[in-house]
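Numbering (the working numbering), first residue to last: 293 to 582. C-beta atoms are modelled at their ideal positions from N, C-alpha and C, and glycine is treated no differently.
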Ligand SMILES: NC(=O)c1ccc[n+]([C@@H]2O[C@H](COP(=O)([O-])OP(=O)(O)OC[C@H]3O[C@@H](n4cnc5c(N)ncnc54)[C@H](OP(=O)(O)O)[C@@H]3O)[C@@H](O)[C@H]2O)c1
């Protein structure tokens with residue numbers, strides 16, 4: 293990764309920070325994106341000290357279209373090409389919530405932000421030699437996508453993770469469409485499953501976001517979580533692999549599991565009607581197209 297420029301969203305904490313560390317250790321110049329300027333500056337300084345690589349912070353709220361546009365513009369001012377974009381940041385809410393743009397939050401952060409940021413950074417990705425885009429899925433992305441409920445317009449099943457699961461399946465559907473559209477452009481688009489990790493995101497998830505049956509054992513999960521799921525480097529492996537390994541050079545539309553093995557795409561993400569619905573919604577909400 294010597295000489296390569298990489299952007300990792302959500303790179304100031306959790307799995308994204310470990311992904312940034314992994315790629316910096318391979319010699320990449322890494323830009324980490326987070327919302328909180330102090331956390332971002334501290335993370336960049338710590339990663340630079342730990343890896344000897346150039347790690348710099350950029351601040352943006354990825355749930356906001358203005359935030360995404362500002363991020364891409366600031367990146368483009370300082371860099372003439374982007375070799376790897378890791379759309380790592382994700383999230384969920386226990387209740388249906390809208391962003392300032394009026395987009396349902398889970399869809400905005402997990403699906404719309406990767407779509408918009410990839411579109412906005414395409415000129416810089418095209419300027420690189422064989423650029424890679426890596427999108428992170430999660431939850432149980434093996435259900436169906438309801439095209440009429442992408443923003444939980446009909447119902448929001450936060451407490452079963454159903455909406456988060458659907459958003460991650462929709463991200464995968466969008467990633468497949470993106471890979472097909474960029475095929476022949478020299479840019480690959482692949483999806484990584486990180487596996488479970490004890491991160492700020494899931495530490496902050498309130499009990500009411502969990503299925504009822506889980507709630508009584510929540511205190512136990514809080515106790516064992518740090519013991520069993522603290523090795524974030526394990527959860528960053530699949531992203532680092534797709535971002536850097538020569539084994540996947542030039543290969544697009546791959547889905548890899550937490551051990552970086554090629555996995556079968558969930559049926560829901562391959563459904564043409566669902567792919568079209570997700571793509572159309574992303575295009576109309578952002579007015580961006582690759
Ligand atoms: N953790 C798991 O068990 C697990 C399992 C499967 C899949 N995943 C997926 O893996 C990815 C990383 O998960 P994680 O648990 O490491 O996440 P996390 O703990 O929530 O990650 C925190 C990082 O994301 C940034 N971030 C969150 N929302 C943002 C926003 N709206 N704008 C800009 N930055 C934002 C934070 O920035 P600040 O410092 O500003 O807060 C921080 O850098 C996500 O896509 C998640 O869905 C996680």
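For residue i, the three-state DSSP class (helix, strand or coil)
i           : result
residue 424 : strand
residue 373 : coil
residue 524 : helix
residue 578 : helix
residue 437 : coil
residue 448 : coil
residue 488 : coil
residue 432 : coil
residue 305 : coil
residue 354 : coil
residue 453 : coil
residue 538 : helix
residue 360 : helix
Buried versus exposed, by CB contacts within 10 Å (16 or more), residue i
i           : result
residue 384 : buried
residue 396 : buried
residue 421 : exposed
residue 260 : Since the displayed the chain opens at 293 and closes at 582, residue 260 lies outside it and no answer follows.
residue 581 : exposed
residue 509 : exposed
residue 514 : exposed
residue 460 : buried
residue 522 : exposed
residue 335 : buried
residue 403 : buried
residue 538 : exposed
residue 495 : exposed
residue 519 : exposed
Cross-strand partners of residue i (DSSP beta bridge)
i           : result
residue 547 : 483
residue 299 : 323, 377
residue 554 : 548
residue 347 : 322
residue 396 : 390
Sequence-distant residues of the same chain with beta carbon closer than 6 Å to residue i, five excluded per side
i           : result
residue 320 : 293, 296, 298
residue 469 : 567, 571
residue 317 : 343
residue 308 : 300, 302, 380
residue 417 : 374, 423, 479
residue 445 : none
residue 507 : 499
Spatial neighbours of residue i in its chain, beta-carbon cut-off 7 Å, leaving aside the 5 residues before and after
i           : result
residue 535 : 298, 315, 376, 378, 424, 426
residue 428 : 379, 380, 382, 484, 486, 531
residue 366 : 350
residue 392 : 356
Close Cβ partners of residue i (< 8 Å) along its chain, the five nearest in sequence each way excluded
i           : result
residue 562 : 465, 468
residue 525 : 310, 313, 314
residue 339 : 309, 312, 313, 316, 322, 324, 345, 347
residue 473 : 582
residue 328 : 304, 351
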